[in-house]
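Here UniProt numbering is used: the first residue of the sequence shown is 1, the next is one more, and so on.
Working notes for the structure below.
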Amino acid sequence: MAFLREIDGPALADWARRAASRLAERSPEINRLNVFPIPDSDTGSNMAHTMASAVSALAEVPREATAAQVATALTSGAVSGARGNSGMVLSQVLRGLAESAGRTLGGPAVTAALARAHDL
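As C-alpha coordinates, this is what we get:
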(Lines of atoms letter the chains of each structure in order from A and count residues from 1; the text may use other names and numbers.)
(Lines give C-alpha, C1' and ligand atoms only; values in the text may rest on other atoms or scores of the structure.)
Protein backbone atom coordinates (compact mmCIF):
# COMPACT_ATOMS: atom_id res chain seq x y z
CA MET A 1 0.00 0.00 0.00
CA ALA A 2 1.36 3.40 -0.98
CA PHE A 3 1.22 6.24 1.48
CA LEU A 4 0.73 9.83 0.46
CA ARG A 5 3.64 11.94 1.68
CA GLU A 6 2.40 15.30 0.45
CA ILE A 7 -0.52 16.79 -1.39
CA ASP A 8 -0.70 19.54 -3.96
CA GLY A 9 -3.31 22.26 -4.40
CA PRO A 10 -5.83 20.23 -6.41
CA ALA A 11 -5.62 17.36 -3.91
CA LEU A 12 -6.11 19.77 -1.00
CA ALA A 13 -9.16 21.26 -2.73
CA ASP A 14 -10.57 17.77 -3.31
CA TRP A 15 -9.98 16.92 0.37
CA ALA A 16 -11.79 20.11 1.43
CA ARG A 17 -14.79 19.29 -0.74
CA ARG A 18 -14.98 15.77 0.70
CA ALA A 19 -14.58 17.10 4.24
CA ALA A 20 -17.41 19.58 3.69
CA SER A 21 -19.63 16.82 2.33
CA ARG A 22 -18.88 14.47 5.23
CA LEU A 23 -19.42 17.23 7.82
CA ALA A 24 -22.80 17.98 6.24
CA GLU A 25 -23.73 14.28 6.29
CA ARG A 26 -22.59 13.73 9.87
CA SER A 27 -23.63 17.07 11.41
CA PRO A 28 -26.76 15.60 13.09
CA GLU A 29 -24.59 12.99 14.80
CA ILE A 30 -22.05 15.63 15.87
CA ASN A 31 -24.90 17.84 17.11
CA ARG A 32 -26.12 15.02 19.34
CA LEU A 33 -22.64 14.68 20.86
CA ASN A 34 -22.53 18.39 21.68
CA VAL A 35 -23.21 18.50 25.44
CA PHE A 36 -20.23 20.45 26.86
CA PRO A 37 -19.78 23.23 27.82
CA ILE A 38 -23.26 24.23 26.61
CA PRO A 39 -25.63 21.56 25.25
CA ASP A 40 -26.86 23.73 22.36
CA SER A 41 -26.57 20.90 19.80
CA ASP A 42 -25.17 23.03 17.00
CA THR A 43 -21.50 22.10 16.76
CA GLY A 44 -21.96 19.86 13.72
CA SER A 45 -24.15 22.39 11.95
CA ASN A 46 -21.69 25.19 12.69
CA MET A 47 -18.71 23.19 11.44
CA ALA A 48 -20.59 22.09 8.31
CA HIS A 49 -21.59 25.68 7.53
CA THR A 50 -18.06 26.93 8.13
CA MET A 51 -16.49 24.28 5.90
CA ALA A 52 -19.08 24.91 3.18
CA SER A 53 -18.14 28.59 3.29
CA ALA A 54 -14.48 27.63 3.05
CA VAL A 55 -15.13 25.46 -0.01
CA SER A 56 -17.20 28.17 -1.70
CA ALA A 57 -14.09 30.36 -1.72
CA LEU A 58 -12.38 27.81 -3.97
CA ALA A 59 -14.44 29.15 -6.89
CA GLU A 60 -11.92 32.00 -7.12
CA VAL A 61 -8.86 29.71 -7.19
CA PRO A 62 -7.41 28.27 -10.41
CA ARG A 63 -7.57 24.47 -10.72
CA GLU A 64 -3.76 24.16 -10.65
CA ALA A 65 -3.27 26.43 -7.61
CA THR A 66 -0.61 25.56 -5.06
CA ALA A 67 -1.49 24.09 -1.69
CA ALA A 68 -0.76 27.48 -0.13
CA GLN A 69 -3.16 29.25 -2.51
CA VAL A 70 -5.89 26.70 -1.85
CA ALA A 71 -5.39 26.83 1.92
CA THR A 72 -5.45 30.64 1.85
CA ALA A 73 -8.76 30.61 -0.03
CA LEU A 74 -10.20 28.03 2.37
CA THR A 75 -9.15 30.19 5.30
CA SER A 76 -10.73 33.30 3.83
CA GLY A 77 -14.02 31.51 3.25
CA ALA A 78 -13.98 29.86 6.67
CA VAL A 79 -13.21 33.05 8.57
CA SER A 80 -15.91 35.02 6.76
CA GLY A 81 -18.48 32.24 7.18
CA ALA A 82 -17.54 30.85 10.58
CA ARG A 83 -20.40 30.03 12.92
CA GLY A 84 -20.02 29.40 16.61
CA ASN A 85 -16.92 28.47 18.53
CA SER A 86 -16.40 25.28 16.56
CA GLY A 87 -16.48 27.22 13.29
CA MET A 88 -13.89 29.66 14.58
CA VAL A 89 -11.66 26.80 15.73
CA LEU A 90 -11.99 25.15 12.31
CA SER A 91 -11.14 28.42 10.56
CA GLN A 92 -7.98 28.73 12.65
CA VAL A 93 -6.90 25.18 11.78
CA LEU A 94 -7.27 26.15 8.12
CA ARG A 95 -5.34 29.36 8.81
CA GLY A 96 -2.54 27.27 10.28
CA LEU A 97 -2.51 25.20 7.08
CA ALA A 98 -2.35 28.35 4.96
CA GLU A 99 0.57 29.71 6.95
CA SER A 100 2.47 26.40 6.75
CA ALA A 101 1.76 25.28 3.19
CA GLY A 102 3.95 25.84 0.18
CA ARG A 103 3.59 24.46 -3.31
CA THR A 104 2.60 21.22 -1.58
CA LEU A 105 1.62 20.23 1.92
CA GLY A 106 3.46 17.41 3.70
CA GLY A 107 3.65 15.92 7.17
CA PRO A 108 6.03 18.51 8.67
CA ALA A 109 3.85 21.35 7.35
CA VAL A 110 0.71 19.75 8.81
CA THR A 111 2.48 19.41 12.14
CA ALA A 112 3.46 23.08 12.00
CA ALA A 113 -0.09 24.02 10.97
CA LEU A 114 -1.65 22.27 13.95
CA ALA A 115 0.87 23.86 16.31
CA ARG A 116 0.10 27.27 14.80
CA ALA A 117 -3.66 26.69 15.11
CA HIS A 118 -3.11 25.80 18.76
CA ASP A 119 -1.35 29.14 19.28
CA LEU A 120 -4.09 31.09 17.52
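Think of the CB as a built atom: it goes at the ideal place given N, C-alpha and C, for glycine as much as any other residue.
Remember, it's a predicted structure, so these values are computed and weren't measured experimentally.
Mark residue i as exposed unless 16 or more other C-beta atoms lie within 10 angstroms of its C-beta, in which case mark it buried.
i      : result
Leu97  : buried
Gly44  : buried
Asp119 : exposed
Val35  : exposed
Ala2   : exposed
Asp42  : buried
Ala59  : exposed
Arg22  : exposed
Leu94  : buried
Kindly give me the distance between the Cβ atoms of residue i and residue j, rounded to whole angstroms, as I take these residues to be in contact under 8 angstroms.
i      : j      : result
Thr111 : Asp8   : Actually they are not in contact, since the Cβ atoms of Thr111 and Asp8 sit about 18 angstroms apart, beyond 8 angstroms.
Ala67  : Gly102 : 7 angstroms
For residue i versus residue j, is the C-beta spacing smaller than 8 angstroms?
i      : j     : result
Gly87  : Asn31 : no
Leu90  : Thr50 : yes
Ala117 : Gln92 : yes
With distance defined between alpha-carbon atoms, name the residue in the options nearest to residue i.
i     : options                        : result
Arg5  : Ala113, Ala115, Gly107, Arg116 : Gly107
Glu29 : Glu60, Arg95, Ala48, Asn85     : Ala48
Ile38 : Ala59, Leu58, Asn85, Ala24     : Asn85
Taking only beta-carbon atoms, is residue i less than 8 angstroms away from chain C?
i     : result
Leu23 : Reference to chain C is not applicable here, since this structure consists of a single protein chain.
Touching by the beta-carbon criterion (3+ pairs, under 8 angstroms), the segment 65 to 74 and the segment 7 to 25: Under the three-pair Cβ rule at 8 angstroms, the segment 65 to 74 counts as touching the segment 7 to 25.
- request: Tell me, please, whether the segment 37 to 56 touches the segment 80 to 89 by the rule of three or more beta-carbon pairs shorter than 8 angstroms.
  value: Inter-segment contact for the segment 37 to 56 and the segment 80 to 89 is present: three or more beta-carbon pairs are separated by less than 8 angstroms.
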